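The structure appears below as structure tokens.
Numbering (this note's numbering), first residue to last: 1 to 467.
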């Protein structure tokens with residue numbers, strides 16, 4: 001394999017997801033090193049930590065031109081500047097994170113020297129020879145980035161943009177001038193000083209697929225309306241939408257090809273979201289919600305056409321009646337659902353059984369137990385229904401509750417699961433059960449449990465991201 005040409009090697013190395021393995025490949029020979037380096041340095045920001053920031057900065061500075069080195073040398077800003085490396089690591093960058101550049105400069109350069117250093121460093125990245133696919137710019141960067149002729153070409157292949165809507169005019173105008181390739185747009189909308197140039201940038205794009213609007217609860221209403229209306233132009237191409245407040249317009253209604261919708265809001269501020277009942281997304285596959293009223297979600301799900309395969313509903317209070325109606329609309333309108341996250345109340349455990357019977361494709365179930373019922377929740381009844389009515393495809397379970405059942409209840413659940421696909425089980429709880437780990441190992445040895453994870457601190461665990 002060490003004799004394969006570099007093009008073939010590159011195709012192979014691109015498929016390797018483990019960076020540790022890729023770093024070992026650097027040591028094989030020169031050809032392997034030159035082939036792997038562009039892959040590892042495509043997005044070096046993911047390796048950047050506070051402890052290695054100085055070293056990272058030194059690598060960047062080692063790429064400075066002789067003119068820039070002399071300029072810095074005249075000011076005696078560094079005792080030593082490393083010689084240029086044998087590989088041009090900067091040329092491999094496809095991700096440009098202006099925020100991290102600014103941060104590493106602020107942490108490692110004295111105040112009086114910052115302006116000169118950051119100008120020289122920004123020039124290394126922002127020039128006509130670079131081509132980035134991902135850009136992160138959440139600060140304004142007022143008067144900190146100087147564009148020379150042709151430097152805007154570095155933005156001409158941007159596919160992912162994450163920025164604040166208060167970004168300065170010089171960056172916004174150069175992006176609009178050079179870039180029409182953005183597919184994924186992530187915007188952080190503030191209360192004030194929003195740059196209306198973002199409206200022009202959105203209008204210039206040819207195939208916008210994903211939008212993520214993170215808005216301040218009390219954001220500028222007029223700006224939000226103009227922003228939302230500008231997205232209607234891309235209604236035919238947008239397939240993913242995430243919003244973190246009730247929108248100012250009905251722009252969502254235009255997204256007829258939407259496949260994934262993520263809704264969120266501040267639960268401390270009441271908003272009805274009643275408009276959701278008038279929306280219809282025939283191709284919607286994934287629905288995620290946090291803090292959005294249950295009644296509005298019920299009406300939205302009722303308007304779907306059986307294409308939903310994943311529903312996650314979190315951080316919303318609702319009574320037994322609404323809880324029952326939610327479960328019913330899911331098993332009536334979502335026969336193909338594969339993953340479900342929702343709260344279950346005691347009075348509606350039997351409705352869960354109907355859901356299990358009707359939704360045969362379900363393979364992951366995340367059950368939230370209300371803190372109001374955590375001491376009285378009917379765990380034996382729940383476990384009995386899960387073991388009797390789960391389809392053969394359902395074997396991944398996750399439970400989030402302040403209080404857990406007794407050990408004997410768990411043991412009965414595991415015993416009744418014999419003969420089924422080995423269970424994946426995650427538990428999030430502040431409660432602790434003595435010797436639970438010992439019991440789990442026993443059932444692992446018997447082939448009843450395949451994987452188990454217990455988090456007594458209730459830290460976030462990814463939902464069934466187990467290989």
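Backbone N, C-alpha and C define an ideal beta-carbon position, used for all residues, glycine too. These figures come from a predicted structure and were not determined experimentally.
| Item | Value |
| --- | --- |
| Start-end ranges of the alpha helix (DSSP H) lying completely within the region 172-229, minimum 4 residues | 197-204 |
| Length of the line joining the Cα atoms of residue 131 and residue 151 | 10 Å |
| Meets three-Cβ-pair contact criterion under 8 Å: the region 378-385 and the region 313-327 | no |
| Under 8 Å between C-beta atoms of residue 285 and residue 309 | yes |
| Same chain, Cβ closer than 7 Å to residue 172, five either side skipped, listed in chain order | 195, 197, 198 and 201 |
| Contact check, residue 41 vs residue 93, beta carbons under 8 Å | yes |
| Contacting residues, own chain, Cβ-Cβ under 6 Å from residue 214 (five flanking each side not counted) | 188 and 244 |
| Environment of residue 353 [buried if 16+ CB atoms lie within 10 Å] | buried |
| For residue 364, the first and last residue of its enclosing beta strand (DSSP E) | 364-368 |
| Cβ distance (whole Å) where residue 9 is taken to contact residue 32 below 8 Å | 7 Å |
| Backbone CA spacing between residue 439 and residue 413 [nearest angstrom] | 12 Å |
| Three-state secondary structure (DSSP) of residue 84 | coil |
| Alpha helix (DSSP H) runs contained entirely in the region 260-332, provided each spans 4 or more residues | 294-302 |
| Buried/exposed call for residue 417, threshold 16 Cβ in 10 Å | buried |
| C-beta atoms of residue 170 and residue 145 nearer than 8 Å | yes |
| Counted within 10 angstroms of its Cβ, other Cβ atoms place residue 467 as buried (16 or more) or exposed | A caution first: residue 467 carries a pLDDT of 45, below 50, which makes its placement in the model unreliable, though a value can still be read off. The residue is exposed, with fewer than 16 neighbouring Cβ atoms inside 10 Å. |
| CB contact flag (residue 101, residue 72, <8 Å) | no |
| CA-to-CA distance, residue 367 to residue 246, given in whole angstroms | 26 Å |
| contact_flag[the region 11-25, the region 50-69] where n(CB pairs < 8 Å) is 3 or more | no |
| Reduced DSSP secondary structure (H/G/I, E/B, other) of residue 49 | coil |
| Of the listed residues 376, 350, 445 and 90, nearest to residue 129 (C-alpha basis) | 90 |
| Pairwise C-alpha distance: residue 88 and residue 207 | 32 Å |
| Contact set for residue 86: own chain, Cβ-Cβ below 7 Å, skip 5 residues either direction | none |
| Through-space distance from residue 287 to residue 261, alpha-carbon basis | 5 Å |
| Continuous beta strand (DSSP E) stretch holding residue 163: start and end | 160-164 |
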